[in-house]
Each structure stands twice: as C-alpha cells, then as structure tokens.
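Each remark here refers to the structure printed beneath this line.
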Amino acid sequence: MGVALRDIIKDYRQETDLEEMRGVVAVDAFNALYQFLSIIRQPDGTPLMDRDGRVTSHLSGLFFRNVNFLEKGVRPVYVFDGAPPELKSTTIEKRREVRDAAGEAWKEALARGDQEEAYKQARASAKIDAAMISSAKRLLALMGIPCVQAPSEGEAQAAFMAQRGDVGAAASQDYDALLFGAPHLVRNLTISGKRKMRGRTVTVRPETYDLQSVLDGLSITREGLVEIGILVGTDFNPGIRGVGAKTALKIVQKGMFAETISEKAPEFDPGPIRRFFLDPPVTEDYRLTWESPARDGIVEMLCEEYAFSEGRVESALERLGMKTGQKTLDAWF
Numbered sequence: 001m002g003v004a005l006r007d008i009i010k011d012y013r014q015e016t017d018l019e020e021m022r023g024v025v026a027v028d029a030f031n032a033l034y035q036f037l038s039i040i041r042q043p044d045g046t047p048l049m050d051r052d053g054r055v056t057s058h059l060s061g062l063f064f065r066n067v068n069f070l071e072k073g074v075r076p077v078y079v080f081d082g083a084p085p086e087l088k089s090t091t092i093e094k095r096r097e098v099r100d101a102a103g104e105a106w107k108e109a110l111a112r113g114d115q116e117e118a119y120k121q122a123r124a125s126a127k128i129d130a131a132m133i134s135s136a137k138r139l140l141a142l143m144g145i146p147c148v149q150a151p152s153e154g155e156a157q158a159a160f161m162a163q164r165g166d167v168g169a170a171a172s173q174d175y176d177a178l179l180f181g182a183p184h185l186v187r188n189l190t191i192s193g194k195r196k197m198r199g200r201t202v203t204v205r206p207e208t209y210d211l212q213s214v215l216d217g218l219s220i221t222r223e224g225l226v227e228i229g230i231l232v233g234t235d236f237n238p239g240i241r242g243v244g245a246k247t248a249l250k251i252v253q254k255g256m257f258a259e260t261i262s263e264k265a266p267e268f269d270p271g272p273i274r275r276f277f278l279d280p281p282v283t284e285d286y287r288l289t290w291e292s293p294a295r296d297g298i299v300e301m302l303c304e305e306y307a308f309s310e311g312r313v314e315s316a317l318e319r320l321g322m323k324t325g326q327k328t329l330d331a332w333f
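If you use the UniProt record's numbering, the sequence shown corresponds to residues 1 to 333, in order.
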C-alpha cells in the first residue's frame, strides 16, 4: 500500500528511460515480485504455471526484466524483506483478508464466465510464498545478481544503501523509501514498457524523485515528511480520518502536527512510527558483486525444471553475449 503522497510530490517527478538509469539500483524485491505475479497472467487471471502446477510468473518477470536491465547497463541488487515489525501486524492481516476475498471473487467470476472481472480479482489475490522467494533468489544467483537480506523492511534497507552511496537509488512503487531517507527513489522500474491498462495500451516509463528537491519544494524536513505520512496513514497506522496529503502538508508546515494528533487521535502515540522511519533496523552485512550469468544453470532451471521455452530463454541470453560462451562483466555492463 505505502504512503499516499502522490498529490503533493507529483510536481517533483522526473520521467526517464532505462538507458538513462545506468548504474546500481536497489530493488525492493517483494514489491517487484508482487508486480510480476499481478501482471504476468492469462486473460482469465490464471498465473503462468509449469507442468506441475507451480506458479512461474515471478520467474518469468525476474528473468526477462533483468536481462533488459543488464543489457541497458542497469545493475540491480534485490533487497528482500526480513521479519515485519510488530507495528505492521494489523496491515498484514488486512492485506491477507483482502487477498483471500479477491481469490474467492476470482473463482466466482470464472464460474460465471466474466473474464474481465476474473482478471481484475486475480491480480488482487496475488500472494508470495516461501517457495517463490527461494526460487527467485536461486534464479538471481544464477544470473549473477546480488541479493541482500534485510533485517526488517526491504525499503528501509534499500534507502540505507542509497544513503551510503553503495547504490544510486532505491526502486519501489511505494513512496515509503523517501520517508526512510532514500536520496533518490525510482518508480515503475520493473514494469516500464508497453502495458495494457483498462483495455488500452499505454507506455509506462520509469520516474525518479529526488528527496532533497521534494523537501525543499515543500518547505519541510524529512521529519516533516514522516509526520505527513503518519497523518495520511502508513503501513504502521491508519492515519487521521479526513486528512489527505494536501491537508497534512499544511498541518506540518504550520507546525501543528502534535496539536492535530492530540485533538483528533488523543490515544495514539506517533513516536514509535516516527522512530521506525527515521532509524529503522538495517544491516551493513552485505556484499555487492555482479558475476557473469551461469548460462547452463539458467537453462537447466528455467527450461528443464520449469518448462520455459528454450528458444525464448536462449534468445534472451544471446542479448547478454551468452551464445557462444560467457563474457566478462565488462562486455555487457
């Protein structure tokens, strides 16, 4: 879900292209996997599956999207969520209920032959399980792409890595990375390109946000941005009823955050949420190195184990110079 900040930061959005994104980017892994699981489906909403009924939508998305990244000079590192904070327990339970309800609605739509509704509900029912996470990490390792295991929120870890200068930006669809202090946020990175939305084809381009430009433009501090998030609602609190991003901005600019909380939610303590955004659990225990893709291992995993089209996989690998033998990193970065 993330924080609903779009209305106040949209003017600071800069559209870009993959060709302009050369360099290292920390990708929120769960965010990307959910995107692949939601988008890569049959017209009736059925996800891609192998002959044994195992979902492969996430593997398809990871493989072909990362081939595109590497070809364009983008070096991704995937950051996986760790244990969710207790603050997030209510949100997690609500999301589970929403996905379960969507799963039932999908079955009902299929039964009555409503393919459009079935596809819509299927996308909302996407779930990530341990097997998907394991297979995703295995494929990334074969592709020579590093993974980082966050102790808690992946976006917080990505933001920390960007603050240290180890990556150029944090990539996620959510704006939370800005609250966690990411100097640069990239949205639409994993879904850029031609997409069908509401029956028409649109071009989705990556968009970037510079945190300092946002703060300067809104005349607030990062702490103020966190306060705006708390007022409109985050993954850790529901927000104040009737307060949207524009109203929250005015409240913070006037220095009335504490007064507003005291008046409208006197039993709510925003302290733990503020502290979590400003000083989240992160780790320095990671190593960012990119290796040449293991061609034979990739073909064995995707084609032999998961029944991917060998022609498509081979064609994608050729784009990385893998037709007649592996090349060094310098050859395709």
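The C-beta atom is built at its ideal place from N, Cα and C for all residues, glycine as well.
Does V67 come out as helix, strand or coil in the three-state DSSP assignment? In this structure, V67 counts as helix in the three-state DSSP scheme.
Which one or two residues does DSSP pair with E207 in a beta bridge? E15 and R187
Here's the rule: buried if 16 or more other CB atoms are within 10 angstroms of the residue's CB, otherwise exposed. What is L329? Note on L329: pLDDT 44, under 50, position unreliable in the model; the coordinate value appears next. Counting Cβ neighbours within 10 Å, L329 comes out exposed, since fewer than 16 surround it.
Minimum C-alpha distance to P84 - residue among I298, F276 and A141: F276
Please go through the same chain and pick out, in chain order, the residues whose beta-carbon is closer than 6 Å to the beta-carbon of Y175, but skip the five residues on each side of it. G2, V3 and L5
Leaving out five residues before and five after D81 in sequence, what residues of the same chain have Cβ atoms less than 7 Å from its Cβ? The beta carbon of D81 is closer than 7 Å to those of F30, A150, E153 and G154 in its chain, skipping five residues each way along the sequence.
Helix, strand or coil, according to DSSP, for D285 in the structure here? coil
Do G45 and A118 have their CB atoms nearer than 7 Å? yes
Return helix, strand or coil for T56, following the three-state DSSP convention. coil
For D81, does the three-state DSSP call read helix, strand or coil? coil
How is G35 classed by DSSP in three states: helix, strand or coil? The sequence shown places Gln at residue 35, rather than the Gly named in the question. Here Q35 sits in helix by DSSP.
Buried or exposed (CB count within 10 angstroms, at least 16 for buried), E15: exposed
From the DSSP output, in three-state form, read off R41 for me. strand
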